[in-house]
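Numbering (full-length UniProt numbering), first residue to last: 1 to 288.
Beta carbons: idealized from backbone N, C-alpha and C, even for Gly.
Because the structure is a prediction, the values reported are computed rather than measured.
Beneath this line is the structure, given in structure tokens, with notes to follow.
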């Protein structure tokens with residue numbers, strides 16, 4: 001089993017569009033949408049959900065009004081201002097589950113529960129099995145959810161004898177990205193020729209290098225600013241990162257995405273050709 005993780009230093013580079021195109025070209029693959037805070041790969045791949053389950057990833061405090069004597073110890077010691085008085089209540093969106101309130105309560109009125117942190121789904125698509133999840137509102141444990149999604153994808157790979165797991169990671173460089181990169185065989189960084197794109201490309205490449213994952217890059221919409229595209233190429237050469245594709249911008253791609261369809265077979269050849277070369281390069285690097 002080989003794992004390809006598609007990431008970007010920032011949102012809006014076209015990472016999910018490129019992932020959907022690669023799903024078309026590298027099928028069959030087990031597809032994992034690990035952008036759990038704002039998933040949208042399903043909009044292009046039209047998965048048929050076969051089962052789903054709730055994943056608990058955090059614990060929250062609650063106060064039993066029958067036991068509480070309103071002493072105020074919990075409110076006094078809460079570092080997150082999650083407790084209000086008259087009556088004493090805990091705001092689950094502010095509670096961090098640190099359990100200090102439970103320790104200081106003389107009446108043992110505080111207990112903890114695990115809310116539904118995310119909804120995980122397992123589905124089938126035209127291009128292979130798919131796993132995804134959506135984080136509940138106010139939850140912050142996105143890294144734990146990403147880890148579970150990847151674990152389910154790896155199990156599906158073993159059960160279905162599909163050698164490639166393709167992960168659509170979160171944008172940025174935070175916890176869910178780190179969870180996506182862990183144990184990957186190859187990282188594909190999708191960037192764009194803007195000042196922010198150039199800057200955030202450097203940040204994500206530092207994260208990838210820290211975890212020792214081999215990386216290649218793809219410049220999407222390269223022709224909207226050829227000057228910055230050249231600067232990105234120079235910085236990638238200096239970092240020893242291969243530019244595996246330069247994809248031009250075309251209005252037809254936007255129209256295809258608006259209709260909720262993946263791009264291959266529906267966009268101009270000058271867009272498809274570099275994506276096909278990218279897919280072939282990935283197959284070579286991963287030996288799949």
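If I'm right that residue i touches residue j with Cβ under 8 Å, what's the distance once you round it to whole angstroms?
i           : j           : result
residue 220 : residue 256 : About 14 Å separates the two Cβ atoms, so there is no contact after all.
residue 37  : residue 142 : 6 Å
residue 35  : residue 42  : Contact flag wrong, Cβ pair sits at about 10 Å.
residue 23  : residue 67  : With a Cβ gap of about 53 Å, residue 23 and residue 67 do not count as contacting.
residue 237 : residue 217 : About 10 Å; that fails the 8 Å criterion.
residue 61  : residue 97  : 7 Å
residue 248 : residue 231 : About 18 Å; that fails the 8 Å criterion.
residue 18  : residue 169 : The pair is not a contact, with the Cβ atoms about 12 Å apart (cut-off 8 Å).
Hey, how far is the Cα of residue i from the Cα of residue j?
i           : j           : result
residue 31  : residue 193 : 27 Å
residue 40  : residue 81  : 34 Å
residue 293 : residue 79  : The structure shown does not extend to residue 293, since the chain is modelled only from 1 through 288, so no value can be given for it.
residue 73  : residue 137 : 29 Å
residue 215 : residue 209 : 8 Å
residue 259 : residue 252 : 11 Å
residue 133 : residue 103 : 34 Å
residue 333 : residue 69  : Since the first residue shown for the chain is 1 and the last is 288, residue 333 is missing from the structure and cannot be characterised.
residue 100 : residue 20  : 46 Å
residue 196 : residue 223 : 16 Å
residue 121 : residue 51  : 6 Å
residue 284 : residue 26  : 12 Å
residue 235 : residue 86  : 59 Å
residue 112 : residue 154 : 32 Å
residue 228 : residue 49  : 41 Å
residue 172 : residue 7   : 8 Å
residue 264 : residue 272 : 6 Å
residue 212 : residue 13  : 23 Å
residue 287 : residue 186 : 11 Å
residue 105 : residue 179 : 36 Å
residue 9   : residue 107 : 49 Å
residue 225 : residue 250 : 14 Å
residue 124 : residue 44  : 13 Å
residue 279 : residue 115 : 41 Å
residue 182 : residue 71  : 46 Å
residue 28  : residue 233 : 31 Å
residue 91  : residue 47  : 36 Å
residue 53  : residue 149 : 12 Å
residue 135 : residue 119 : 7 Å
residue 184 : residue 63  : 43 Å
residue 275 : residue 282 : 10 Å
Within 10 angstroms of its Cβ, does residue i collect 16 or more other Cβ (buried), or is it exposed?
i           : result
residue 88  : buried
residue 3   : buried
residue 254 : exposed
residue 15  : buried
residue 152 : buried
residue 268 : exposed
residue 139 : buried
residue 246 : buried
residue 277 : exposed
residue 262 : buried
residue 176 : buried
residue 65  : exposed
List the endpoints of the continuous beta strand (DSSP E) containing residue i.
i           : result
residue 176 : Careful: residue 176 lies outside any beta strand (DSSP E), inside the alpha helix (DSSP H) at 175-181.
residue 8   : 2-8
residue 168 : 164-171
residue 128 : 128-135
residue 61  : 60-63
residue 216 : 215-220
residue 119 : 118-125
residue 33  : 30-33
In the DSSP assignment, the alpha helix (DSSP H) including residue i goes from what residue to what residue?
i           : result
residue 239 : 226-239
residue 200 : 195-210
residue 271 : 269-286
Answer with yes or no whether the minimum CB distance from residue i to chain B is below 9 Å.
i          : result
residue 92 : Any reference to chain B falls outside this structure, which holds one protein chain only.
| query | Contact between the region 152-166 and the region 197-216: three or more CB pairs below 8 Å? | reply | No: fewer than three Cβ pairs fall under 8 Å.
| field | Contact the region 138-158 vs the region 51-60: 3+ CB pairs below 8 Å | value | Contact between the region 138-158 and the region 51-60 is present: 3 or more CB-CB pairs across the two stretches fall below 8 Å.
| field | At least three beta-carbon pairs within less than 8 Å, the region 124-137 to the region 153-161 | value | Per the Cβ contact rule, the region 124-137 is in contact with the region 153-161 (3 or more Cβ pairs under 8 Å).
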